[in-house]
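*Asks:*
Now the structure itself:
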């Protein structure tokens with residue numbers, strides 16, 4: 002009896018840790034957490050993730066503390082859990098147009114559409130693959 006309970010408990014714990022795959026061809030906008038935690042965005046350092054080079058549609062909150070015209074980047078925060086964020090890099094040819102649109106909008110809900118690009122993040126004794134979303138058209142930032 003204890004063995005059956007242990008097996009059921011193990012199965013529930015194991016299944017709760019499974020990462021979800023999202024449909025990258027969908028017209029839907031995904032939350033930051035949903036994208037960052039998806040199988041599509043996960044890979045080992047030095048390896049290309051499934052989402053890299055593909056157009057991604059995300060929605061979230063414009064981080065009021067991370068809107069930086071000088072570096073042409075801003076961050077989206079997940080609308081449910083602030084610990085999930087993603088960097089959005091804006092092409093220099095549209096910096097003025099995009100950041101004029103974002104002015105005084107920190108904390109607002111926005112939608113973006115851009116191309117995912119991965120990079121290796123080295124820590125003390127480990128490495129993770131991170132993602133940045135690159136935008137090349139101001140029309141891809143919706144308030």
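In the working numbering, the protein residues as written are 2 to 144. For glycine and all other residues, C-beta sits at the position ideal for the given N, C-alpha and C.
(1) With 16 other CB atoms within 10 Å as the buried threshold, where does residue 120 fall?
(2) Roughly how many angstroms lie between the CA atoms of residue 144 and residue 86, to the nearest whole one?
(3) Measuring alpha carbon to alpha carbon, tell me which of 23, 47 and 68 ends up nearest residue 55.
(4) Would you decide whether residue 126 is buried or exposed? Buried here means 16 or more other CB atoms lie within 10 Å of its CB.
(5) By the DSSP assignment, the alpha helix (DSSP H) with residue 100 in it spans what residues?
(6) Are residue 109 and residue 63 closer than 7 Å when you measure CB to CB?
(7) Can you find the residues in the same chain that come closer than 6 Å, C-beta to C-beta, to residue 133, ignoring five residues on each side of it along the sequence?
(8) Could I get the ranges of all uninterrupted alpha helix (DSSP H) runs contained in the stretch 21-80, with 4 residues as the minimum, in chain order?
(9) Alpha carbon to alpha carbon, how far is residue 40 from residue 137?
(10) So for residue 109, helix, strand or coil by DSSP?
(11) Would residue 75 pass as a contact of residue 59 if the rule is Cβ separation under 7 Å?
(12) For a test of the three-state rule: what should DSSP assign to residue 127, helix, strand or coil?
(13) Looking at the secondary structure, which residues open and close the beta strand (DSSP E) in which residue 93 lies?
(14) With a Cβ-Cβ cutoff of 7 Å, do residue 81 and residue 61 count as a contact?
*Replies:* For this structure:
(1) Mapped onto the chain shown, residue 120 falls at position 119. Its Cβ having fewer than 16 others within 10 Å, residue 120 is exposed.
(2) As a position in the chain shown, residue 144 is number 143, starting the count at 1. As a position in the chain shown, residue 86 is number 85, starting the count at 1. Cα-Cα distance, rounded: 18 Å.
(3) Within the chain shown, the letter at position 54 stands for residue 55. The option with the nearest alpha carbon to residue 55 is 23.
(4) As a position in the chain shown, residue 126 is number 125, starting the count at 1. Classification for residue 126: exposed.
(5) Your numbering for residue 100 matches position 99 in the chain shown. Run containing residue 100: 96-103, per the alpha helix (DSSP H) assignment.
(6) Along the chain shown, read from residue 1 onward, the residue named residue 109 stands at position 108. Along the chain shown, read from residue 1 onward, the residue named residue 63 stands at position 62. Closer than 7 Å, so yes.
(7) Along the chain shown, one-based indexing puts residue 133 at 132. Cβ within range, chain order: 88, 90 and 118.
(8) 33-37
(9) Position 39 of the chain shown, counting from 1, holds the residue named residue 40. Position 136 of the chain shown, counting from 1, holds the residue named residue 137. One C-alpha to the other measures close to 25 Å.
(10) Looking up residue 109 in the chain shown gives position 108. Residue 109: coil per DSSP, three-state reduction.
(11) By 1-based counting over the chain shown, the position of residue 75 is 74. By 1-based counting over the chain shown, the position of residue 59 is 58. The answer is no: Cβ separation not under 7 Å.
(12) Your numbering for residue 127 matches position 126 in the chain shown. Coil at residue 127, not helix or strand.
(13) For the purposes of this step, residue 93 is identified with residue 92 of the chain shown, where counting begins at 1. No beta strand (DSSP E) contains residue 93, which DSSP labels as neither H nor E.
(14) The count along the chain shown starts at 1 and reaches residue 81 at position 80. The count along the chain shown starts at 1 and reaches residue 61 at position 60. In this structure, residue 61 does not lie closer than 7 Å to residue 81 by Cβ.
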